[in-house]
Amino acid sequence: MSEETANPAGDFDPATLRSHQWYGTDGLRSFSHRARTRQLGYLPEEHMGKPVIAILNTWSDINPCHQHLRERAEAVKRGVWQAGGFPLEFPVSTLSETYQKPTPMLYRNLLALETEELLRSYPVDGAVLMGGCDKTTPALLMGAASVDLPTVFVPAGPMLRGHWRGETLGSGTDMWKYWDQKRAGKIGDCELAELECGLARSPGHCMTMGTASTMTSAAEVLGVTVPGAASIPAVDSGHSRMAAAAGLRAVELVKRGEKLSKFLTREAYEDAVTTVLSLGGSTNAEIHLIAMAGRSGVDLTLDDFDCIARTVPVLANLRPGGAHLMEDFHYAGGLPGLLARLGETHLHLDRPTISHPSLREQLAGALVHDDDVIRTLDNPLAPEGGVAVLRGNLAPDGAVIKHIAAEPHLLQHTGPAVVFDDYQTMQKTIDDPELGITADSVLVLRGSGPLGGPGMPEYGMLPIPDYLLKEGVTDMVRLSDARMSGTSYGACVLHIAPESHVGGPLALVRTGDLITLDTEGRRLHLHVDDEELERRRADWQAPPLRYGRGYGVLYEQHITQADTGCDFAFLSQPGEVPEPYAG
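Residue numbers (the working numbering): 92 to 674.
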C-alpha cells in the first residue's frame, strides 16, 4: 500500500467506520441494530468496532459458472475474520448467461443498481464482489464504483478444459463449431449427445477467452483483484486461497481508507483496454468497459479502443482467436506474465493496485513458462489488437469487429445484402435456397440492438445457410446491431450504432444493396446515395415500444446506445447521492 495515502495500522480508529453510525452511537436506532445483531446470533466482540465487509455473491442453483461460489464465500469470510473484520454475505442477482432470456444484458444495469443501493443502504465499510459469468463482473463493479467503498473483486474462475474423442474442447467456441458440423451432416445425434457431456465439465465460466475471462482479466489489470486471480481454474485449490486473500485484503483496505476510486483511474482503464486487446478478448468488453469507466468519471470511448488497438499486439494465443484455453494460460504465467511482457511500452506501471503501491511492484518477478501460449513482443499472434472499430455511413457512431477471429479474405469485402428484420424470421428462413444467399452475400440482421433486442442479445454470429456449410463455406460477412458471444468467431460486424430500432442507417438497408467492409481502413459503407437514403428514411416508421409496465419500461426509457456503454442515463450521469442517516 502507498505510504503517502495509507494510515499506519496502529492508527486505525473504529469510530471512523461507516458502520459505526449503525452500531456505535447512543441512540435508539443503534440499540435496535445491536439487538437485531444479537438476534442473528453474534456476540458484541464478533462485530463491534470491526470493519463490516459485505460479500456480494451471485451464486444460484441455475448458474453453472458460479456453482462453487457458495463455498468460496466461506473462504472469503475466513479471510475477513483472520484480518479482524466482520463478514456479511448478501445474495444478489445471478445473471446466468446460459439460461436468462432474452439476454442477461437486459439485466446488467439492474444488478449494478442493486449493488449500488445495497452497499449504500446497509452498515458496511467495504465489499468483496463475487462474479465471473459475463455480465456479473461489469455490473458489480459499476455499482460498486458508484458507491466508492473499499472493494475487492473475486473472479469465479474458468472451468476445466473440455474433452471429446481425444479432442480438447473450448466451451462456446466448439459448441458453435460442432453445431455447424451437425447442420452440415458431418456428425449425428450420437456425437452430439457425447459433446453435451464433454463441453463443460466443472464449475466455472467459459475457459476460452470469451466475455467472462475477458472481463475478469480486465478486473485484474484494473488492480481490484489479488494478483493472478483471473485465470485460476474454478476448482483449483488455489482459487479458495485467492478468495481468502481477497477477504483479508478487503479489511486492510478499509483500515487504510483506500476506496475503489483510488484504483479505477483513467490510466487503469487505458491499461484494461490494452490488456483486453492483447488477449484477443471479447467484443463485449467495449460496451462494458465504457460503462464501467463512466461510473468512475472517466470518459472512455470507442476511439480510445481503436487508437490503442493500432499499437498493441495480441500476445495471448487463446481461443477463439488462437489455440489454447485458460487453464493453459494460467500455467503459462497468467495475466501477470502477459502484463510483464507488455511492460512499460504499453502499460502505466506506476499506478496503485489493491495489493501493491504500484503495478510495477506487483509484476516484479512475473514469469512466462510457455512462449506459445503467451507470446513475446517480437513474435505476437497478431501485430495489432484483436478488435477494430469501424465507422462509415452505415455506422456513424461506430461498430466493432473481432478481426483476429475472422477468415482474413473477408476483412476486405464487398457484397450484396440479404436483410432480416428480426432474429426469429432469420432462424426460420436462413436455409431457404430461394433467398439466393451465396458465400459473397452480406447477411444483415436488424432489430437486435439495445432497444430492438431487447437488451442487445448475442445474435451477431448469424448462422451460415446449411447448403453453404455442406459446400465447405465456414465464414461469411455478417452485420448487425446485436452483440455476439465472446466465444464466437467469424467476420461478424457488431454493435452498429445507432441501432435500427431508433432509425439508425441499418434500418434503411434493403436486400440487394452493396455493402463494403474495409477492416484495415476501419470503414463500413452502404453503396446507396444520400438522396435515396433520405427517401427511405421518410418512409421509415419507428417500431412500437414493447413493454407496458415493469422493469422493461424503465429500461426502454433510459437505456443508452452501444457506443456509450448501454448504461441507464440516470445512473451514468454525474451527481451526488447523500449517505443514509442511520440514527
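Note that the Cβ used here is the ideal one computed from N, Cα and C, for glycine as well.
In the DSSP assignment, the alpha helix (DSSP H) including residue i goes from what residue to what residue?
i    : result
I378 : N375 to R386
A310 : T302 to L313
A573 : No alpha helix (DSSP H) holds A573; DSSP gives it neither H nor E.
T366 : R357 to S369
V238 : T227 to V238
P135 : P135 to H138
L542 : Where L542 is concerned, there is no enclosing alpha helix (DSSP H), given that its DSSP letter is neither H nor E.
W255 : Premise fails: W255 lies in the beta strand (DSSP E), G253 to W255, not in any alpha helix (DSSP H).
R274 : T264 to R274
R613 : Per DSSP, R613 belongs to no alpha helix (DSSP H) and is neither H nor E.
What residues in its chain sit with their C-beta under 7 Å from that of residue i, if we drop five residues either side in the sequence?
i    : result
S293 : M250, L251, A325 and V326
F354 : L313, G314, V315, P443, T444 and I445
L426 : S308, E311, V312, G319, A321 and S322
T610 : A479, I492, H494, L502 and Q503
Y190 : I153
R432 : L406, V459, I465, T467 and L468
E94  : Note that E94 has pLDDT 36, beneath the 50 cutoff, so the model's placement of it is unreliable and the number below is only indicative. None.
L108 : P142 and D216
First and last residue of the beta strand (DSSP E) that includes residue i?
i    : result
M417 : Element bounds for M417: not the beta strand (DSSP E) but the alpha helix (DSSP H), M417 to A423.
R410 : Neither: R410 is in no beta strand (DSSP E) and is coded neither H nor E.
M221 : G217 to G222
F244 : T242 to P246
R442 : Neither: R442 is in no beta strand (DSSP E) and is coded neither H nor E.
A145 : V143 to N148
G289 : G289 -> not in any beta strand (DSSP E); alpha helix (DSSP H) instead, spanning D280 to G289.
T259 : E258 to L260
C583 : C583 to L585
F181 : F177 to P182
Does the distance from the C-beta atom of residue i to that of residue j stay below 9 Å?
i    : j    : result
K226 : E188 : yes
F723 : L645 : Past the edges of the chain, shown from 92 to 674, lies residue 723, and the structure says nothing about it.
C156 : G223 : yes
E549 : D572 : no
V143 : G176 : yes
T436 : H379 : no
V478 : I465 : no
L605 : L485 : no
M383 : P229 : yes
L220 : L232 : yes
T305 : A376 : yes
A508 : T602 : yes
D390 : Y422 : no
G65  : D512 : With the chain covering only 92 through 674, there is no way to say anything about residue 65.
L290 : G483 : no
L472 : G424 : no
T206 : V171 : no
G261 : T565 : no
Based on DSSP bridge pairs, tell me the residues matched to residue i.
i    : result
G506 : I606
V167 : Answer is none; V167 lacks a bridge partner.
P448 : Answer is none; P448 lacks a bridge partner.
H122 : What sits at residue 122 in the sequence shown is Phe, not His. Bridge partners of F122: none, in fact.
G483 : A486
A473 : V405
I465 : A407
F511 : L536
Excluding the five sequence neighbours on either side, which residues of its own chain have a C-beta within less than 8 Å of the C-beta of residue i, listed in chain order?
i    : result
V317 : V243, M333, A336, A337, R340, I445 and S446
G594 : R628, W631 and A633
To which residues of the same chain is residue i closer than 6 Å at the C-beta, ignoring the five residues directly before and after it?
i    : result
D557 : R274 and D522
S663 : G385
L286 : W255 and Y269
T96  : A caution first: T96 carries a pLDDT of 38, below 50, which makes its placement in the model unreliable, though a value can still be read off. Counting only Cβ-Cβ distances below 6 Å, and skipping sequence neighbours, we find nothing.
A673 : Q112 and W113
M92  : Residue placement at M92 cannot be trusted, given a pLDDT of 33 that sits under 50; the coordinates are not used to answer.
S237 : E207 and R386
L430 : L454
Give the straight-line distance between the Cα atoms of residue i and residue j, rounded to the nearest whole angstrom.
i    : j    : result
L608 : E667 : 44 Å
Y198 : G546 : 8 Å
V533 : G563 : 17 Å
P99  : P105 : Caution applies to P99, whose pLDDT of 45 falls short of 50 and renders its modelled position unreliable; the model cannot decide the point.
R451 : G428 : 12 Å
T356 : G372 : 21 Å
V367 : R410 : 14 Å
H330 : L131 : 29 Å
L147 : H159 : 14 Å
P671 : T516 : 50 Å
T651 : G551 : 19 Å
C657 : R129 : 43 Å
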